[in-house]
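>
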């Protein structure tokens, strides 16, 4: 038999889509075009979301980078200020020592006193008013040495104020090493210039310190600039340098007038695009400028986003492929739907023809069957010859089986065509079960099988249902239990099944059903067979299928649990009342 609802999957899908408001849109645009639109919108949304996330990520990375270089600039400025303060304080003390007529202490003594500088101080020297070096922590010069032409000496000589001057690195004429010069003037009581005391700072020590502090990581650069715009110390990946004029940089005005700040600009010497932080060292008219290479800092960011963009492109390609696949499938679906519609119409016509044919044939078979059953029963019961009576009994048995099969086919045809109606009445279920078990007990006793009924007192006895159809179901199930139980017992049990109804369980100790066959027992024309008394018994495959459909009409259900060789339990749920929508099949 063909189930007509199974012929309408496309219609059911369209119904669900229409309820969601999707159907009209799909019909208007077409599923293929809608697939391309959805894919395009998805790509746009994903791309826009990726751009927004990238901007947020870049802002976060930049903020972290700015915080790091600002902290470094402040830390390096504090380091410079601290060390310059120590050197300046020592210069002031040594100047007082010189003015009192004493010699400068030797360099080892100075280094011991200035351990905090870590060897930063190369030497301290004293020059007279004419620039001749007259004393040094390295010892008196072996030959006459003059610094009269040195910019740092001239700066001290030409400045009437007692102020510290920090020069750019020069080659020391006493130490013979490249060094930064820190100079304080020696003034007479009347303010006249009497000479200068000079401390030489080792730039290599500064270079080592800043390198240890990882100032050069990520194309980093560190620059110490004087108030005059001349670079006192510059350290980058190329090494140490000094003397450059920072005033040519378009950022000089900003750097020279603000206490601190941030900017982004190509390096004025090497052209590397950097994020730069600067910090004034106010006490010594210096500016510490710290830069980090943007390309190096953003390398991991760019690598991460290169991967993300690759994934976005892959996703876009996948979405485009999905849209193309949807287009191809939509075309195939349209062809399939047209074919299905043709097949559906043919199947409907075939089903109607088949149902009409089965109903007609079944009705035509009933008349001769009734005659055959009547005459065979008459001969069986009144015949004089035992052999003829036996043959008549066989004819009657076979005719009864065929008659039952015809009735089953007619019932299934009625259910399928929607012509099966229900005749509801109040049924005393315990009484009905008692009658049925009594009728079937004759057959059970012939096989030496015990058939018994047990009623749970908690079960409500009365149900509203169709007596004829209920008897048909119960007869079929009990008959099957007797048929497939060669020996043992069969129990018919009535018990409550909640507030909705009762449960009739038919439990036998028969041959059971293989696990692989249980799923087919309620299917029409199933091919299950069971060995009874050494022979395989196989029915028409319609009995339990009809039971299920009849119970479905009456709001009930049927289920089965079985194990080969260990019997079968069939549970039939019968509701107390049938809902109004089931009043007509």
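Numbering (my numbering), first residue to last: 343 to 927.
Glycine included, every Cβ here is placed at the ideal spot set by N, Cα and C.
Let me make sure I understand the geometry here. Which of 672, 529, 427, 608 has the alpha-carbon closest to that of residue 442?
Taking the first residue of the chain shown as 1, we reach residue 442 at position 100. If we check each option's Cα against that of residue 442, 529 comes out closest.
> Considering only their Cβ atoms, is the gap separating residue 520 from residue 514 smaller than 9 Å?
As a first step, residue 514 must be located in the chain shown, where it is residue number 172. As a first step, residue 520 must be located in the chain shown, where it is residue number 178. Cβ distance < 9 Å, so residue 514 and residue 520 count as in contact.
> Is it true that the CB of residue 542 sits closer than 9 Å to the CB of residue 464?
As a working note, residue 464 is residue 122 in the chain shown. As a working note, residue 542 is residue 200 in the chain shown. Contact: yes.
> State whether the segment 791-801 contacts the segment 817-833, with contact taken as three or more CB pairs (one from each stretch) at a distance under 8 Å.
Yes: at least three Cβ pairs fall under 8 Å.
> Between which two residues does the alpha helix (DSSP H) carrying residue 598 extend?
By 1-based counting over the chain shown, the position of residue 598 is 256. It spans 594-599 - the alpha helix (DSSP H) in which residue 598 sits, taken as one unbroken run.
> Less than 8 Å between the CB atoms is what I'm expecting for residue 635 and residue 616, so what's the real figure, rounded?
Translated into positions along the chain shown, residue 635 becomes position 293. Translated into positions along the chain shown, residue 616 becomes position 274. Contact flag correct, Cβ pair sits at about 5 Å.
> Determine the DSSP secondary structure at residue 367, reduced to helix, strand or coil.
Within the chain shown, numbered from 1, the residue matching residue 367 stands at position 25. Note that residue 367 has pLDDT 49, beneath the 50 cutoff, so the model's placement of it is unreliable and the number below is only indicative. Here residue 367 sits in helix by DSSP.
> Measure how close the beta-carbons of residue 643 and residue 400 come, nearest whole angstrom, since I'm counting them as under 8 Å.
On the chain shown, position 301 is the one that residue 643 refers to. On the chain shown, position 58 is the one that residue 400 refers to. Contact flag correct, Cβ pair sits at about 7 Å.
> So, are the CB atoms of residue 380 and residue 665 less than 9 Å apart?
Position 38 of the chain shown, counting from 1, holds the residue named residue 380. Position 323 of the chain shown, counting from 1, holds the residue named residue 665. In contact: residue 380 and residue 665 (Cβ atoms closer than 9 Å).
> Throw me the rounded Cβ distance for the residue 563 and residue 469 pair, which I believe falls under 8 Å.
Sequence index remark: in the chain shown, residue 563 carries index 221 (1-based). Sequence index remark: in the chain shown, residue 469 carries index 127 (1-based). No, residue 563 and residue 469 are not in contact; Cβ-Cβ is about 34 Å, not under 8 Å.
> Considering Cα atoms alone, identify which of 471, 466, 552, 770 is closest to residue 480.
Here residue 480 corresponds to residue number 138 of the chain shown, with the count starting at 1. Comparing Cα-Cα distances from residue 480 to each of 471, 466, 552, 770, the minimum goes to 466.
> Rounded to whole angstroms, how far is the Cβ of residue 621 from the Cβ of residue 415, which I believe are closer than 8 Å?
Your numbering for residue 621 matches position 279 in the chain shown. Your numbering for residue 415 matches position 73 in the chain shown. With 8 Å as the limit, residue 621 and residue 415 qualify as a contact, their Cβ atoms being about 4 Å apart.
> Please classify residue 494: does DSSP put it in a helix, a strand, or coil?
Taking the first residue of the chain shown as position 1, residue 494 is located at position 152. Helix, per DSSP.
> Report back the beta-carbon spacing between residue 889 and residue 819 to the nearest angstrom; my notes put them in contact at under 8 Å.
Residue 889 sits at position 547 when you count from the first residue of the chain shown. Residue 819 sits at position 477 when you count from the first residue of the chain shown. Confirmed, Cβ separation roughly 7 Å.
> Who pairs with residue 607 in a beta bridge, going by DSSP?
Taking the chain shown and counting its residues from 1, one reaches residue 607 at position 265. DSSP lists 616 as partners of residue 607.
> Which residues in the same chain have their Cβ closer than 8 Å to the Cβ of residue 478, if we skip the five residues on either side of it in sequence?
In the chain shown, residue 478 corresponds to position 136, counting from 1. So the qualifying residues of the chain are 446, 465, 466, 467, 468, 516.
> If you measure between the beta carbons of residue 525 and residue 490, is that distance less than 9 Å?
Residue numbering aside, residue 525 sits at position 183 when the chain shown is read from its first letter. Residue numbering aside, residue 490 sits at position 148 when the chain shown is read from its first letter. Not closer than 9 Å, so no.
> Pull up the CB-CB distance for residue 577 and residue 549, whole angstroms please, since I reckon it's below 8 Å.
Here residue 577 refers to the residue found at position 235 when the chain shown is read from its first residue. Here residue 549 refers to the residue found at position 207 when the chain shown is read from its first residue. Residue 577 to residue 549, Cβ: 6 Å. Contact.
> DSSP on residue 909, reduced to helix/strand/coil?
Counting from one through the chain shown, the residue named residue 909 turns up at place 567. Correct three-state label for residue 909: coil.
> If residue 522 and residue 575 are in contact, beta carbons under 8 Å, what's the gap, nearest whole angstrom?
Within the chain shown, the letter at position 180 stands for residue 522. Within the chain shown, the letter at position 233 stands for residue 575. Their Cβ separation, rounded to whole angstroms, is 7 Å, which keeps residue 522 and residue 575 in contact under 8 Å.
> Where are the alpha helix (DSSP H) runs, 4 residues long or more, that stay fully inside the segment 625-671, in chain order?
Listed in chain order, the complete alpha helix (DSSP H) runs (minimum 4 residues) inside the segment 625-671 are 636-639.
> Can you tell which of 452, 803, 886, 385 has its C-alpha closest to the C-alpha of residue 919?
Position 577 of the chain shown holds residue 919. Closest option to residue 919, Cα to Cα, is 803.
> In chain order, what are the residue ranges of uninterrupted beta strand (DSSP E) at least 3 long that sit wholly in the segment 406-492?
The beta strand (DSSP E) runs of length 3 or more contained entirely in the segment 406-492 are, from start to end of the chain, 463-470, 475-478.
> Given a threshold of 16 other Cβ atoms within 10 Å of its Cβ, counted over all protein chains shown, does residue 462 qualify as buried or as exposed?
In the chain shown, counting from the first residue as 1, residue 462 sits at position 120. So residue 462 counts as buried.
> Could you tell me the alpha carbon to alpha carbon distance between residue 408 and residue 607, rounded to whole angstroms?
Here residue 408 refers to the residue found at position 66 when the chain shown is read from its first residue. Here residue 607 refers to the residue found at position 265 when the chain shown is read from its first residue. Going from the Cα of residue 408 to the Cα of residue 607 covers about 14 Å.
> With distances taken between CB atoms, is the gap from residue 527 to residue 499 smaller than 9 Å?
Position 185 of the chain shown, counted from the first residue, corresponds to residue 527. Position 157 of the chain shown, counted from the first residue, corresponds to residue 499. Yes, the Cβ-Cβ distance between residue 527 and residue 499 is below 9 Å.
> Whole angstroms are fine: how far does the CA of residue 593 sit from the CA of residue 647?
Walking along the chain shown from the start, residue 647 turns up at place 305. Walking along the chain shown from the start, residue 593 turns up at place 251. Cα to Cα, the separation comes out at about 31 Å.
> Take residue 805 and list the residues in its own chain whose beta-carbon comes closer than 6 Å to its own, dropping the five residues that flank it on each side.
In the chain shown, residue 805 corresponds to position 463, counting from 1. Correct list, in chain order: 769, 771, 916, 918.
> Do you know how far the Cα of residue 807 is from the Cα of residue 813?
Your numbering for residue 813 matches position 471 in the chain shown. Your numbering for residue 807 matches position 465 in the chain shown. Each residue's Cα considered, the two are about 11 Å apart.
> Assign residue 920 to one of three DSSP states: helix, strand, or coil.
Along the chain shown, read from residue 1 onward, the residue named residue 920 stands at position 578. Correct three-state label for residue 920: coil.
> Is it right to say residue 591 is buried, meaning 16 or more other beta carbons lie within 10 angstroms of its own, or is it exposed?
Taking the first residue of the chain shown as position 1, residue 591 is located at position 249. Buried is the call here.
> According to DSSP, is residue 796 helix, strand or coil?
The residue labelled residue 796 in the question sits at position 454 within the chain shown. The answer is strand: DSSP assigns residue 796 an E or B state.
> Cα-Cα, which of 626, 471, 475, 431 is closest to residue 456?
Working through the chain shown from its first residue, we reach residue 456 at position 114. When each option's Cα is compared against that of residue 456, the closest is 431.
> With a 10 Å radius around its C-beta and 16 neighbouring C-beta atoms as the bar for buried, classify residue 315 as buried or exposed.
Limits of the chain in this structure are 343 at one end and 927 at the other, which puts residue 315 out of reach.
> Within this structure, are the beta carbons of residue 775 and residue 833 separated by less than 9 Å?
Working through the chain shown from its first residue, we reach residue 775 at position 433. Working through the chain shown from its first residue, we reach residue 833 at position 491. No, these two residues do not count as a Cβ contact at 9 Å.
> Inspect the beta-carbon positions of residue 737 and residue 816 and report whether they are closer than 9 Å.
What you label residue 737 is simply residue 395 of the chain shown in a count that begins at 1. What you label residue 816 is simply residue 474 of the chain shown in a count that begins at 1. The answer is no: Cβ separation not under 9 Å.
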